[in-house]
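A.B. asks: Numbering (UniProt numbering), first residue to last: 1 to 151.
Could you have a look at this structure, given as structure tokens, before my questions?
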């Protein structure tokens, strides 16, 4: 399996591992990823606190309940993404309403995005058995995030 970066499919998204996108582009992002071979997991509802967002991320990724309550368990569960997504070599997490956490708990947002970014790096070792391509697209209104196609 060759590595396929979300940013190469959707030029204009900013970031690495966790990419930022404008909410207006959500349908386009979802459609592009789905038609490019990514299994798409979507966080349900915005969260103003880190623990709430963590639990929503764990549910979206079908991780064990402990991953939604304990940061170490989240890290460990993400390392085992192939266990939870055995039939999908490419997994994209879509996180609508991420600005709620940015505005309500910026340190929590930074903690979760660092965990997700590290998982992106850890899960790909060159395309061997068990490797997963994993990236997150956080939809953020305002905060300098531009819609695709904006100059």
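Even for Gly, the Cβ is constructed at its ideal location relative to N, Cα and C.
Can you tell me whether residue 34 is buried or exposed, with buried defined as 16 or more other CB within 10 angstroms of its CB?
C.D. replies: On the chain shown, position 34 is the one that residue 34 refers to. Residue 34 should be labelled exposed.
A.B. asks: Please specify which runs of the beta strand (DSSP E), each continuous and at least 3 residues long, are wholly inside the UniProt domain "Barstar (barnase inhibitor)" (51–123), giving them in chain order.
C.D. replies: Runs found: 90–95.
A.B. asks: Is it a yes or a no for the stretch 10–30 touching the stretch 90–100, going by three-plus beta-carbon pairs under 8 Å?
C.D. replies: Yes, the stretch 10–30 is in contact with the stretch 90–100.
A.B. asks: Count the other C-beta atoms from every protein chain shown that fall within 10 angstroms of the C-beta of residue 114, then say buried if there are 16 or more, exposed otherwise.
C.D. replies: To locate residue 114, count along the chain shown from 1; it is residue 114. Counting Cβ neighbours within 10 Å, residue 114 comes out exposed, since fewer than 16 surround it.
A.B. asks: Let me make sure I understand the geometry here. Which of 7, 129, 29 and 16 has the alpha-carbon closest to that of residue 86?
C.D. replies: On the chain shown, position 86 is the one that residue 86 refers to. For the residues 7, 129, 29 and 16, the minimum Cα distance to residue 86 belongs to 129.
A.B. asks: Short check: CB of residue 119 to CB of residue 59, under 9 Å?
C.D. replies: Taking the chain shown and counting its residues from 1, one reaches residue 119 at position 119. Taking the chain shown and counting its residues from 1, one reaches residue 59 at position 59. It is not a contact, given that the beta carbons lie outside the stated cut-off.
A.B. asks: Who pairs with residue 15 in a beta bridge, going by DSSP?
C.D. replies: Looking up residue 15 in the chain shown gives position 15. Residue 15 is bridged to 19.
A.B. asks: Taking one C-beta from the stretch 60–78 and one from the stretch 28–45 each time, how about it: are there three or more such pairs within less than 8 Å?
C.D. replies: Touching, per the Cβ criterion.
A.B. asks: Could you give the DSSP three-state label for residue 143: helix, strand or coil?
C.D. replies: The count along the chain shown starts at 1 and reaches residue 143 at position 143. Coil, per DSSP.
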